Amino acid sequence: MSIFSRKQAPAPSNNGGSALSELALNSINDGVIIADANGTVRFANPAASRMVGANALLNPIGVSYRNVLQLESKEGRAFSEQENPLIVAMNTYRPLDAFRCSLIVGNTGKRIPVAVSVVNANDAARSRIITFRNIAKELEEEGAQTEFISTASHEMRTPVASIEGYLSLALNPQTATIDNRAKGYLDAAHAAAKHLGKLFQDLLDVTKADDGRVKPNFVPVEMVTTVQNMANNYNAQFNKDGKVHYTFGSSDGRLMATDLKVAQVVYASVDLNFLQEIMDNLMENAIKYTPAGGSIWVSVRGDGDRVLINVTDTGIGISADDIQHIFQKFYRADNSDTREIGGTGLGLYLTKSRVEAMGGKIWVESGFGEGSTFFVSLPRISTEEYNKRLFVLKNQQQFAAAQAARRAQLRAAPVTPAARPAMRPTTMQPMMRTNQQVKNGGKI
Ligand code: ADP
2 MSIFSRKQAP
12 APSNNGGSAL
22 SELALNSIND
32 GVIIADANGT
42 VRFANPAASR
52 MVGANALLNP
62 IGVSYRNVLQ
72 LESKEGRAFS
82 EQENPLIVAM
92 NTYRPLDAFR
102 CSLIVGNTGK
112 RIPVAVSVVN
122 ANDAARSRII
132 TFRNIAKELE
142 EEGAQTEFIS
152 TASHEMRTPV
162 ASIEGYLSLA
172 LNPQTATIDN
182 RAKGYLDAAH
192 AAAKHLGKLF
202 QDLLDVTKAD
212 DGRVKPNFVP
222 VEMVTTVQNM
232 ANNYNAQFNK
242 DGKVHYTFGS
252 SDGRLMATDL
262 KVAQVVYASV
272 DLNFLQEIMD
282 NLMENAIKYT
292 PAGGSIWVSV
302 RGDGDRVLIN
312 VTDTGIGISA
322 DDIQHIFQKF
332 YRADNSDTRE
342 IGGTGLGLYL
352 TKSRVEAMGG
362 KIWVESGFGE
372 GSTFFVSLPR
382 ISTEEYNKRL
392 FVLKNQQQFA
402 AAQAARRAQL
412 RAAPVTPAAR
422 PAMRPTTMQP
432 MMRTNQQVKN
442 GGKI
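Under my numbering, think of the first position of the sequence shown as 2, with each following residue one higher.
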């Protein structure tokens, strides 16, 4: 029996039910911790003690759950108080359902991938039951599955691109002559090939995001101009059909400006490729799901320690039933309005995963037929922090550029036998020098 269960062993009772429950808790491989309303650990089963790296010196009983269950994101990023899902669930007295992250094992520095859940015990003490399951094997199996999907999508993209290319040639009056009926068939085949190409590309992106292959590369940026530039890329599309009215607004948390006459500055540390993907998905959806005559607004504002990006449209909206699922893989709202609109159902899943990889959150407010607002909130940094990170980044870039230039110089320079020993000092050099010195009467 572990130190925890010994400490926790209830007084011997003739209650067969509680003895059985204890037996069950002691025999399972999932960690179970019970904390009181103050967050103090009152019980930990043997699996919990093993997983958190408890020993005679590190006893979780009587300690705050925060010190016992130290979590970080599955990408290995430290959580802030506000984004740590366990702390949020405990503070708000809300449940948490199998949240995937890493558990730091005691002082060993070891990490275990876990799924953490929290439920209320519904007792007078307002206790919370925290369970955590080691998901290493699960991740391994998912990894193999992901690898297969990733390889398959990669392999299938090439022939699909070739089909798409030949269909474009067949449909181009400068390269082929076809009658109207054939054009109708080829148009349909072309649209299907394009959809398939997009599906493989999205699948590839999603599998890469799922297996954590693409790690965020954080750079400090000013968010108002960055997001505005990304959203403005869609100007051509707003004008192409001449149907959607577009506005950009910004605020530093005090003022709201619908143009940039008042310069707003809000800083964050983001991966620019991730941010571009997020904006692409939200903008493409806003355009796709907004009928002619509608409007789209994009705004960026500072909101305390967060940066809030809104993408609002006056489009078809999303029903309450669909809202719960739209961030899931392959989910597409199915109604008479969406049926005609193409899509893979992977865009918002990928968007959510990109937002979370940067320590952010995404949610939507909408109603069927009422338009939608997608919110992305990311951690904000102060002006001082921005300047500091920019300074470090510039130094790193200069150093990398100098290294690259030096490597290029070395590659370009002809290496003569005489030059070689000077460029590449070896352990033989002292001996060679000594021989030389002998020849020159002791001088080099
Ligand atoms: P899709 O490729 O189908 O657009 P997404 O994952 O981007 O996939 O979106 C999932 C679903 O969410 C869409 O099929 C659509 O039903 C709904 N949706 C997303 N954005 C909007 C929007 N701006 N307005 C209305 N519905 C939307």
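From the three backbone atoms N, C-alpha and C, an ideal C-beta is built for every residue, glycine too. Small disclaimer: the values here were computed from a predicted structure and weren't measured.
Considering only DSSP beta bridges, list what residue i is partnered with.
{"i": "TYR247", "result": "ILE297"}
{"i": "PHE133", "result": "GLY32 and VAL117"}
{"i": "GLU366", "result": "THR374"}
{"i": "ASP1", "result": "Since the displayed the chain opens at 2 and closes at 445, residue 1 lies outside it and no answer follows."}
{"i": "ARG307", "result": "ASP304 and PRO380"}
{"i": "LYS111", "result": "VAL106"}
{"i": "PRO221", "result": "SER270"}
{"i": "LEU72", "result": "LEU104"}
{"i": "ALA79", "result": "GLU73"}
For the alpha helix (DSSP H) that residue i lies in, which residues bound it at each end?
{"i": "ILE288", "result": "273-289"}
{"i": "ILE150", "result": "137-172"}
{"i": "LEU197", "result": "181-211"}
{"i": "LEU349", "result": "348-358"}
{"i": "VAL53", "result": "From DSSP, VAL53 is part of no alpha helix (DSSP H); its letter is neither H nor E."}
{"i": "VAL69", "result": "66-69"}
{"i": "VAL228", "result": "224-233"}
{"i": "ALA38", "result": "Unbroken run through ALA38: none, as it is neither H nor E."}
{"i": "ILE1", "result": "No answer is possible for residue 1: it lies beyond the span of the chain, which begins at 2 and ends at 445."}
Kindly indicate the opening and closing residues of the beta strand (DSSP E) around residue i.
{"i": "GLN399", "result": "Segment 384-413 is the alpha helix (DSSP H) holding GLN399; no beta strand (DSSP E) there."}
{"i": "ALA99", "result": "97-106"}
{"i": "PRO86", "result": "Unbroken run through PRO86 is the alpha helix (DSSP H), 86-93; no beta strand (DSSP E)."}
{"i": "ALA477", "result": "Absent from the model: residue 477. The displayed extent of the chain is 2 to 445, so no value can be given."}
{"i": "VAL266", "result": "Segment: none, VAL266 is in no beta strand (DSSP E) and carries neither H nor E."}
By Cβ distance below 8 Å, which residues in the same chain neighbour residue i in space, the five residues on each side in sequence not counted?
{"i": "ARG158", "result": "GLY198, PHE201, GLN202 and LEU205"}
{"i": "VAL64", "result": "THR41 and VAL42"}
{"i": "ALA79", "result": "GLU73"}
{"i": "LEU168", "result": "LEU187, ALA190, HIS191 and ALA194"}
{"i": "LYS330", "result": "VAL207, GLY346, LEU347 and TYR350"}
{"i": "VAL365", "result": "ILE319, ILE324, ILE327, SER373, THR374, PHE375 and PHE376"}
Please look up how many angstroms separate the CB atoms of residue i and residue j, rounded, as I've assumed it's under 8 Å.
{"i": "VAL271", "j": "VAL222", "result": "6 Å"}
{"i": "GLY343", "j": "GLY316", "result": "The pair is not a contact, with the Cβ atoms about 15 Å apart (cut-off 8 Å)."}
{"i": "LEU379", "j": "ARG307", "result": "7 Å"}
{"i": "GLU278", "j": "ARG333", "result": "With 8 Å as the limit, GLU278 and ARG333 do not qualify as a contact, their Cβ atoms being about 19 Å apart."}
{"i": "VAL245", "j": "MET280", "result": "About 16 Å; that fails the 8 Å criterion."}
{"i": "ASN27", "j": "ASN46", "result": "6 Å"}
{"i": "ILE382", "j": "TYR268", "result": "5 Å"}
{"i": "ILE1", "j": "ALA48", "result": "Nothing can be reported for residue 1, as the shown portion of the chain is limited to 2 through 445."}
{"i": "SER151", "j": "LYS209", "result": "7 Å"}
Taking 6 Å as the limit between beta carbons, can you name the residues of its chain near residue i, skipping five residues before and five after?
{"i": "VAL299", "result": "ALA232, PHE249 and VAL312"}
{"i": "TYR247", "result": "PHE239 and ILE297"}
{"i": "LEU261", "result": "Note that LEU261 scores 47 on pLDDT, short of 50, meaning its location in the model is unreliable and no value can be drawn from it."}
{"i": "ALA287", "result": "ILE297, VAL312 and ASP314"}
{"i": "LYS289", "result": "ILE342"}
{"i": "ILE164", "result": "ALA194"}
{"i": "SER367", "result": "GLY318, ILE319 and SER373"}
{"i": "THR147", "result": "THR208, ASP211 and ASP212"}
{"i": "LEU59", "result": "GLY107"}
{"i": "ALA293", "result": "LYS244"}
Can you name, in chain order, every residue of its own chain whose Cβ lies under 7 Å from the Cβ of residue i, other than the five neighbours on each side?
{"i": "PHE100", "result": "PRO86, ALA116 and VAL117"}
{"i": "ARG134", "result": "ASP31, VAL115 and ALA116"}
{"i": "LYS353", "result": "PHE328 and ILE363"}
{"i": "ALA171", "result": "ALA177, ILE179 and LEU187"}
{"i": "LEU391", "result": "PRO221"}
{"i": "PHE275", "result": "PRO217, ARG355, ALA358 and MET359"}
{"i": "LEU394", "result": "VAL220 and PRO221"}
{"i": "THR291", "result": "VAL245, ILE297, ASP314, THR315 and GLY316"}
{"i": "VAL161", "result": "ALA194, LEU197, GLY198 and PHE201"}
*Is the region 341-350 close to the region 201-209, with three or more CB pairs under 8 Å?*
At 8 Å Cβ cutoff, the stretches touch.
*Can you find at least 3 beta carbon pairs, one from the region 29-37 and one from the region 128-135, that sit closer than 8 Å?*
Result yes; three or more Cβ-Cβ pairs closer than 8 Å.
*Does the region 367-382 come close enough to the region 308-328 that 3 or more CB-CB pairs lie under 8 Å?*
Yes, they touch.
*Pairing CB atoms from the region 180-198 with CB atoms from the region 213-222, are three or more of them under 8 Å?*
Taking a cut-off of 8 Å for Cβ pairs, the region 180-198 and the region 213-222 do not touch, as fewer than three such pairs fall below it.
*Could you tell me whether the region 48-61 touches the region 107-114, where touching means 3 or more Cβ pairs closer than 8 Å?*
Contact between the region 48-61 and the region 107-114 is present, because at least three Cβ pairs lie under 8 Å.
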